[in-house]
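To start, the structure itself, in structure tokens.
Protein chains: 4
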Amino acid sequence: MIIVLKNQTAKSDIDLFINMLQNRGLGVHVSTGVDTTIIGLVGDTSNMNEESFKAFDIVKTVMRVQEPYKMANRKFHPDNTEIKIQSPDGEITIGTDLQKNNKRNFTIMAGPCSVESEEQIISVAKEVKASGARFLRGGAFKPRTSPYAFQGMGCSGIDLLLAAKKETGLPIVTELMAIKQLELFDNIDIIQIGARNMQNFDLLKELGHCKKPILLKRGLANTAKELLMSAEYIMSSGNENVILCERGIRSFDNFTRNVLDLAVIPYLKKVSHLPVIVDPSHSTGLSWMVEPMSKAALACGADGILVEVHNCPECALCDGEQSITPNQFDKLVKSLQQYAKIENMVI
Amino acid sequence: MIIVLKNQTAKSDIDLFINMLQNRGLGVHVSTGVDTTIIGLVGDTSNMNEESFKAFDIVKTVMRVQEPYKMANRKFHPDNTEIKIQSPDGEITIGTDLQKNNKRNFTIMAGPCSVESEEQIISVAKEVKASGARFLRGGAFKPRTSPYAFQGMGCSGIDLLLAAKKETGLPIVTELMAIKQLELFDNIDIIQIGARNMQNFDLLKELGHCKKPILLKRGLANTAKELLMSAEYIMSSGNENVILCERGIRSFDNFTRNVLDLAVIPYLKKVSHLPVIVDPSHSTGLSWMVEPMSKAALACGADGILVEVHNCPECALCDGEQSITPNQFDKLVKSLQQYAKIENMVI
Amino acid sequence: MIIVLKNQTAKSDIDLFINMLQNRGLGVHVSTGVDTTIIGLVGDTSNMNEESFKAFDIVKTVMRVQEPYKMANRKFHPDNTEIKIQSPDGEITIGTDLQKNNKRNFTIMAGPCSVESEEQIISVAKEVKASGARFLRGGAFKPRTSPYAFQGMGCSGIDLLLAAKKETGLPIVTELMAIKQLELFDNIDIIQIGARNMQNFDLLKELGHCKKPILLKRGLANTAKELLMSAEYIMSSGNENVILCERGIRSFDNFTRNVLDLAVIPYLKKVSHLPVIVDPSHSTGLSWMVEPMSKAALACGADGILVEVHNCPECALCDGEQSITPNQFDKLVKSLQQYAKIENMVI
Amino acid sequence: MIIVLKNQTAKSDIDLFINMLQNRGLGVHVSTGVDTTIIGLVGDTSNMNEESFKAFDIVKTVMRVQEPYKMANRKFHPDNTEIKIQSPDGEITIGTDLQKNNKRNFTIMAGPCSVESEEQIISVAKEVKASGARFLRGGAFKPRTSPYAFQGMGCSGIDLLLAAKKETGLPIVTELMAIKQLELFDNIDIIQIGARNMQNFDLLKELGHCKKPILLKRGLANTAKELLMSAEYIMSSGNENVILCERGIRSFDNFTRNVLDLAVIPYLKKVSHLPVIVDPSHSTGLSWMVEPMSKAALACGADGILVEVHNCPECALCDGEQSITPNQFDKLVKSLQQYAKIENMVI
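As given, the protein sequences belong to chains A, B, C and D, one line each in that order. Each residue of the first sequence is one higher than the one before, counting from 22 in our numbering. Each residue of the second sequence is one higher than the one before, counting from 22 in our numbering. Each residue of the third sequence is one higher than the one before, counting from 22 in our numbering. Each residue of the fourth sequence is one higher than the one before, counting from 22 in our numbering.
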């Protein structure tokens, strides 16, 4: 952290300030220029808020030099994290440690927005598996803006997902909305945390105490750094199996539901070692955008995608307009496979 | 809800579509124009998502005509809601039913960002009370972006707030971050829900089961309508004592921490009957902005403000740069009183 | 400007870098910490782009310490700028030098969005003058998103504004969209530059060569600093008569047309000496918001407002939904006068 | 356009309103529901502003059904527009009419942010041509936030671009900032209009009178629809040779300079017939993002890219941090060629 003091600050005020910093256990390196004094803080400042120094009248501005995240930081963990899930068909790996493998994994998770019936979920599961999905996704607990909208099937939705897993062997990724639901997730393979809960810090801490992989979605108005800090909450509580997910941010335009910020992919891959996937369905809200944006996601370095597939988008209880059909999904995977070959990836 | 079909949609497709709508229990009013067919849905559509109709290939666009919120809607509750809190000094009312009172209440809630010690909280409480605050605010559980930052004093912070209440008679408003903390809030007067939890729907439903007033802050990237829908979650679960709070939204500029969207005040007052207050401290993040923005909040119709006051902003464990001193708070209240007189308000 | 180098940068690279900086004519102050080297640049860096230093591989981060604006900067011009306009009724002053006057001016500019006819503009001019407006506003050249929408009356609109000036004595503020229109503005009193032209740099430079006051509106997605830099374009080209205007910024919400960012008022007043006014009509797009937001603008320190008034909002050729009637305007001025008294302002 | 009236509007008010609409030359189709009256306007409403109807007290809401753009609309021009530029090496086509060609064109435009010297521009031109660029880009007139920053070489910059064209045969794309510069652009092949001038409507109209291809960049806070309306200004004034360009929009995050909104590519390709290219350099502001984002642009359907290449990014007078070197450019083109093969595109 670097603190720039205002011009013409009295020597005595500077001394008092430095004293205070040292009392907080920090090393202090002072540089006195012609009319500016610059203070460099030496040591771990990850628990310090740069804003708090601005309360001092003598402070002009403050700049953080070190990233505030540690466990998610590639600097302290140079190799990519791999997340391993056991399935009846063998171990599935998300992310790729390039020291150990020369082919990168591109993992496709697919399924309906909401679980609606046993027939629906099993039929979709079979179809997406046949086309190349490695995980079945589907919501049992649904975060909805309106209390009057369909809130998901709840516990019985979880049961149906597990039935589909049994039937097809596909491991399950599904959203958890509250700590109390955790006991229902014993046989779920990846716990999804939705955009609205990205900064539900009590929930994040709790997830740190379980060992299951967490798929953490970026909030609608959260920066990339905040996403990493939320991953840090989970990791520093004991669970390092975090998968980051870009799903669109809010902007002034509305031709898509959200703005899919694909540049976050190369950014997160550069500063962190965690796997990063993309949700082309929720971000755009438009089924005909799923294919081009999935290809773009692969092209700029994503480790996978999370796609909505519904056997009858028109009958979907939610988000039908963004779901593709199993046929469209099959075509999508085929076109991704061509790209994967170029990138030396395996789907 | 009005659904516009695409030009040249086949009669048979229109009939199938109408049939489906009627099967969902809706009245359907069809208007056939030269080349456009418009369908008006009659009945309660508050549980319908306009987006879901867009999955149909024949649908061009959909427009919601009715607001999706009911209990928070002024249409169904024309008079302002009053929220009453008992205090040793008598009943305090937030919001004003103008059928019953001709003087509007302007309620000031003040105190430090975080509770830090008994001495601090009691001393601030005494000072803000003497100047005109009607509630003591202070955080015991603090939502922080970083897991390494000070997370608040927790339970013992609640104890200190209650000690300050005992000492000064000021009722308490403090933030709750998780359902499990609810048992500690028995003697707290107003439960604050922070911006990051505005769409923590499980928490909102739970709050609907208690009877305590809820101060619900607008999320950083949430629309006014979404704020009302979150209020609706609480109200439809059984608790109608909701106070809305504007605390700034995210934008591209950073001269203030957030953009204080004051136009939301007259908007919320027009479409809803709930009281609306403003947080000039968190929204701007700058202590010298608190006075002008508090005056502006009163001027455009707010029912009160929530202000950070710290006896030593430079020593604050968080958010010192946005806290004003007790002296500055005293000056603030005096200048608000002049405005209140013009507006026939009582502070 | 402060440049932080990456850890473990080789001494030889640092020397080369410093050499390059010195060759650009800058004083360089180097501070070598335990593992970080910090370079402070001494001298005028207003023509330097902090971004350009980031092209150097050894640079970790760059922080500008000095504001990049000079002529608009309060530091170099501590007293408020006053802008004086001659009118048949005497001199009108916008902004207030508090060294010379103890009463601040609050200047109201009012009139229709577009000039539509002689009868319309003269009738509105008379009414707004009677109520307390000091300037007549009205568009002759209209920036419209669609090429098919009404583009304003052009030259003849200017003629009608001048006729209204002759009739009522009210000086005129109207928008200029292109340099070639400048010759028509000889008798116009204040040239308005719209939000979409805030960064039309060639136009700004040209305006620096005339001496007329310029009312410069903030762009829809421009920061406060960028607004000041655009003022700097005009001022550094020779014209110091700049009035800044907040008219709303873009966001994700649409209950108002734009988000009126009132906190920019105290900010601009603090960092600059230029007068600042608010447009409550274009920012909100809703006539019923004009009164509360005008009062809020005065309350937080604005030097005036720019309001749309139309004798028949329903017949307006553009922006009728945000225009108030002359009666509503009269009521607005009366309520502002009460606030002005408290603030020791004169309307 | 569909206008929904408020419940319980009096029959007489409805009649007056319909009368007014018919007087504007519109066909009116009225649909009277249980408690809502819906009015459909028949005819060309592209010159109507939906907002203006909201000034009427009886109007509840208004929805535009037809797109307000006509000449840029794919509905009225189903085949892709091709833009042809003559070069010494033969005709170059931007965009692809798939009725006539089965291989799509992917056009690469490359060169430095600013022209700095004859040696620089000719050397870069030779290198980018050798690697596969079809156009040389370079700024002679530079829009800069600060009046004190380097403003480009102006006329002599144009001369140097033409010298590079003569030397290499590469046609030139360069930015025009003001109408008066038009006379210098006689031998320039494509006129670039920057983001800040996207809604400089007088400039757009003037560009409609020349026949040169216009590369129109999306503004920082402009919607996709507004971009199309700006294209419409040029096209309706007589020049149909418009190339659209996505170059990033403003958001709350700053890990990239702007947010590259790639979903706008499939959107614009669907609703319009104009070619669409992407600027991966200005949008991200980071040289190491150029390759992944260029690949993503191709993958989601762009017709080309506009890339900054500098032989010495560290010496660049502006935007060095986002420029790639000729070597990096060569590698970029090679990796794009692999993608192009899959997509049946020719670079």
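Beta carbons are placed, not taken as given, at the ideal position from N, Cα and C, and that holds for glycine.
is_contact[residue i, chain A] using C-beta, thresh 8 Å
i, result
"I129 (chain C)", "no"
"Y254 (chain D)", "no"
"E137 (chain B)", "no"
Rounded separation between residue i and residue j - CA only
i, j, result
"E112 (chain A)", "V263 (chain B)", "50 Å"
"T244 (chain D)", "M219 (chain D)", "11 Å"
"I368 (chain C)", "I79 (chain D)", "35 Å"
"G269 (chain C)", "V63 (chain D)", "34 Å"
"C333 (chain B)", "L157 (chain B)", "17 Å"
"G159 (chain D)", "S177 (chain D)", "12 Å"
"E227 (chain D)", "L225 (chain C)", "19 Å"
"E267 (chain A)", "R239 (chain A)", "6 Å"
"E312 (chain B)", "E72 (chain A)", "20 Å"
"A151 (chain C)", "A317 (chain C)", "23 Å"
Where residue i meets chain C, residues with beta-carbon distance less than 9 Å
i, result
"I368 (chain A)", "Residues of chain C passing the Cβ test: none, with the nearest at roughly 35 Å."
Residues that residue i contacts on chain B, provided the C-beta gap is smaller than 9 Å
i, result
"Y90 (chain C)", "Per Cβ cutoff of 9 Å: no residues; Y90 (chain C) is ~13 Å from chain B at best."
Contacts that residue i makes with chain D (C-beta to C-beta distance below 7 Å)
i, result
"D274 (chain A)", "T244, A245"
"M250 (chain C)", "T166, S167"
Cβ of residue i within 8 Å of any chain D Cβ
i, result
"R271 (chain B)", "yes"
"V149 (chain A)", "no"
"H50 (chain B)", "yes"
8 Å Cβ cutoff, residue i in contact with chain B
i, result
"G370 (chain A)", "Nothing can be reported for residue 370 (chain A), as the shown portion of chain A is limited to 22 through 368."
"S293 (chain A)", "no"
Extent of the continuous beta strand (DSSP E) to which residue i belongs
i, result
"K105 (chain A)", "104 to 108"
"A84 (chain C)", "As written in the sequence, residue 84 (chain C) is Met, which differs from the Ala given in the question. Taken as a continuous stretch (DSSP letters only), the beta strand (DSSP E) holding M84 (chain C) covers 80 to 84."
"G325 (chain B)", "325 to 329"
Chain C contact for residue i (CB, 8 Å cutoff)
i, result
"G46 (chain A)", "no"
"G306 (chain A)", "no"
"A284 (chain B)", "yes"
"I23 (chain A)", "yes"
"K81 (chain A)", "yes"
"T277 (chain A)", "no"
First through last residue of the alpha helix (DSSP H) which encompasses residue i
i, result
"V292 (chain D)", "285 to 292"
"V145 (chain B)", "139 to 152"
"M130 (chain D)", "No alpha helix (DSSP H) contains M130 (chain D), which is instead part of the beta strand (DSSP E) from 128 to 132."
"Q4 (chain C)", "Limits of chain C in this structure are 22 at one end and 368 at the other, which puts residue 4 (chain C) out of reach."
"T305 (chain A)", "301 to 305"
Within chain A, the residues that residue i reaches when beta carbons sit closer than 7 Å
i, result
"N218 (chain B)", "N221"
"K316 (chain D)", "A320, C321"
Proximal residues of chain C, C-beta to C-beta of residue i below 7 Å
i, result
"K75 (chain D)", "E342"
"S67 (chain D)", "S167, Y169"
Under 8 Å from the C-beta of residue i: neighbouring residues of chain D
i, result
"A31 (chain A)", "The contacting residues do not exist; A31 (chain A) stays about 32 Å from chain D at best."
"N84 (chain C)", "Reading off the sequence, residue 84 (chain C) comes out as Met, not Asn. The contacting residues do not exist; M84 (chain C) stays about 13 Å from chain D at best."
Chain B contact residues for residue i, given Cβ-Cβ distances below 7 Å
i, result
"E335 (chain A)", "A76, F77"
"C339 (chain A)", "N70, S73"
*asked:* Please identify, using Cβ separations under 9 Å, the residues of the region 165 to 189 of chain A that lie next to chain B, in order along the chain.
replied: Closer than 9 Å at the C-beta level to chain B, one finds these residues of the region 165 to 189 of chain A: R165, T166, S167, P168, Y169, A170, F171, Q172.
_Members of the region 224 to 242 of chain D near chain A, C-beta cut-off 8 Å_ = Under the 8 Å Cβ criterion, the region 224 to 242 of chain D contributes A242.
*Taking Cβ-Cβ distances below 9 Å as the criterion, which residues of the region 198 to 210 of chain C are in contact with chain D?*
Hits within the stretch, in order: M198, A199, I200, K201, Q202.
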